[in-house]
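Each protein sequence line maps, in turn, to chains A and B. Take 191 as the starting number for the first sequence in this note's numbering and just add one per residue. Take 2 as the starting number for the second sequence in this note's numbering and just add one per residue. Here is the structure we will look at.
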Amino acid sequence: MSYNGGGVVAMKGKECVAIASDLRFGIQLQTIGLDFDKIFQAGPKLYVGFPGLATDTQTVHQRLKFRTNLYELRENRKVSPKVYASMVGNLLYEHRFGPYFVEPVVAGLDANNQPYICAFDLIGCANAPDDFVVAGTCEEQMYGMCESLWKPDLGPEELFEVISQALVNACDRDAISGWGARVYVIEKDKVTVRNVRTRMD
Amino acid sequence: MARRYDSRTTIFSPEGRLYQVEYAMEAIAHAGTCLGILAKDGIILAAEKKNTNVLLDDENFFSDKIYKLYDDMVCSVAGITSDANVLTNELRLIAQRYFLQYGEPMPCEQLVSWLCNIKQAYTQYGGKRPFGVSILYAGWDKHYGFQLYQSDPSGNYGGWKATCIGNYSNAAISLLKQDYKEEISLQEAKALVVKILSKTLDTTKLSPEKLEIASLYREKNNTKMSILKHEEVKRLIEDQERVEKEEEAQKKREAEARPST
């Protein structure tokens, strides 16, 4: 799990959610790319991040896209965050004894624009709390930052500041995370994507 | 004499025919009509809805004739609906598996060809009956642009500029031969579809409830499919009726102008 490095964090706010990831792509201690966003869009107001082994980041995303495409064709509607989270957990547990080395983070707004966040371990155990979720090599640092900075009912602008500070400072204390960051703030009528300047080391 | 050779699909008759396949095509000849027209900027698929019973709960389902297969392709079916459901499900899976493996959308002809290979297997191995469905595929890919294909229970398929399957398809095809022009636009194709269906369908008057028209087009590098709304279908039908009335009036005037012998 620490072969490529990286971290993803998601937080709930007042009628909004934010999810952020660092942009480093490295192989052990060598940094190769600065544009490796681990977050993908799964629906108009649903985003998912896959920190961990980079090849599994790509493969799990592609396999989930396969399943959600078929879901949307058969059910004639977009997949909701809870259902998407179930699909993630299900896919991971299918490989219980030869797992994908990713720890996914799901963030989105459901049909009533209520915030939803969820994180998984590599074999599909879901955790959907009311405040924030973290995953990656700088997990422990992110826990510390989030615990101190997060408050309930933050508006979209404040949530952006809080999640950016949490991610950037946690990544600064981890050698293999960082090298740029991207933050998605999902509100009921729009999604704002911002690149955050970080220490490039 | 022929009856001895009917019971198994995988057997030729003495005249070299596959009876089960032909009987399957008979089933389709009685099913609701589907018409497809290739325009230069898109494709129109029109389907005659046979289940117009008022008791049917039709609020929550998309369509019983037109199916989306994946982002760049839709299809319309004629024949046994349950067989059609199985085939469209399989088509969707095939397209997704291709996308998972190659990372780009499946080209239209390959999808048609893959399914037709499956359909052909049911005419040669296994002792199972063929699928009683003909399918019209409308799709776009980056290699050949807009394409219209037709497949039948035997597993044969062909690419068409305009074609029709189901009830009254022969009448529709002969009309298409006269009226189809090469560089037709999407809007003209919509009008042509209504014209042909109003002349070939058995009903005295076309109505939006009986007709489902879908159009496939490209917008900003994305393929979009939209089912025409009630009002637009109504307007197309009314335009067609107006054109027909004018033609009738024109014929009458010509007949009166001619001196009677």
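The beta carbon of each residue, even a glycine, is placed where N, CA and C say it ideally should be. The structure displayed is predicted, hence computed values, not measured ones.
Whole-number beta carbon distance between residue j and residue i, since they are thought to touch under 8 Å
i	j	result
B:L187	B:S208	That pair is no contact at about 23 Å.
A:N282	A:F240	According to the sequence as given, residue 282 of chain A is Leu; it is not Asn. Going by Cβ atoms, the distance from A:L282 to A:F240 rounds to 11 Å, so no, they are not a contact pair.
A:T258	A:V250	Their Cβ separation, rounded to whole angstroms, is 12 Å, which puts A:T258 and A:V250 out of contact at 8 Å.
B:L46	B:A139	5 Å
B:L39	B:K225	The Cβ separation is near 17 Å, so there is no contact.
B:I197	B:L177	6 Å
B:E213	B:S83	Incorrect: roughly 19 Å between the Cβ atoms, too far for contact.
B:N118	B:G156	7 Å
Min CB distance residue i to chain A below 8 Å
i	result
B:Y99	no
B:L94	yes
B:Y150	no
B:K230	no
B:Y103	no
B:K69	yes
B:M2	Residue confidence for B:M2 is low, a pLDDT of 46 falling below 50, so the modelled location carries little weight; the figure read from the coordinates is stated next. By this cut-off, B:M2 is not an interface position.
6 Å Cβ shell around residue i - same chain, five flanking residues per side excluded
i	result
B:A250	none
B:I136	C76, V78 and S152
A:R384	V373
A:G326	G196, G197, V198 and P241
B:Y71	A96
A:C328	G197, A360, C361, D364 and S367
A:D246	Y290, F291 and V292
B:E27	none
Own chain, CB closer than 8 Å to residue i, minus 5 neighbours either side, in chain order
i	result
B:G43	F147, L187, A190, S216, L217, Y218 and R219
Exposure label - residue i; buried when at least 16 CB within 10 Å
i	result
B:C109	buried
A:R214	buried
B:R93	buried
B:M2	Residue placement at B:M2 is poorly supported in this model, since its pLDDT is 46, which falls under 50; the coordinates are not used for a value here.
A:C206	buried
A:P319	exposed
A:D343	exposed
A:K380	exposed
B:P154	buried
B:T17	Before going on, a small fix: residue 17 of chain B reads as Gly here, not Thr. Burial call: exposed.
B:V87	exposed
A:S211	buried
B:A256	exposed
B:M168	For the sequence presented, residue 168 of chain B should be read as Asn rather than Met. It counts as buried.
A:N303	exposed
B:Y126	exposed
A:I229	buried
A:C336	buried
B:T89	buried
B:K13	The amino acid at residue 13 of chain B is misidentified as Lys; the sequence shows Phe. Per the 10 Å Cβ criterion, exposed.
A:M390	exposed
B:W103	As written in the sequence, residue 103 of chain B is Tyr, which differs from the Trp given in the question. Exposed, because fewer than 16 other Cβ atoms sit within 10 Å of the Cβ of B:Y103.
B:Q21	buried
A:F322	buried
Within-8 Å CB hit, residue i to chain B
i	result
A:Q218	no
A:E194	Rather than Glu, the amino acid found at residue 194 of chain A in this sequence is Asn. Judged by the 8 Å Cβ criterion, A:N194 is not in contact with chain B.
A:F256	yes
A:R387	no
A:Q252	yes
A:N302	no
A:N263	Here residue 263 of chain A turns out to be Leu, not Asn, going by the sequence shown. So, interface residue.
A:N280	no
A:L260	yes
A:F230	no
Residue-chain proximity (residue i, chain D), Cβ-Cβ < 8 Å
i	result
B:K66	The structure shown contains no chain D; its protein chains are A and B.
Close Cβ partners of residue i (< 7 Å) along its chain, the five nearest in sequence each way excluded
i	result
A:L339	V352, Q355 and A356
B:F100	P106 and M107
B:W115	I95
A:P271	L236, V296, G298, D300 and Y306
B:L36	A47, C165, A173, V194, I197 and L198
A:E262	K268 and V269
Contact between the segment 121–130 of chain B and the segment 285–296 of chain A is defined here as three or more beta-carbon pairs at a separation below 8 Å; is this criterion met? no
Is there contact between the segment 217–231 of chain A and the segment 44–59 of chain B, where contact requires at least three CB pairs shorter than 8 Å? no
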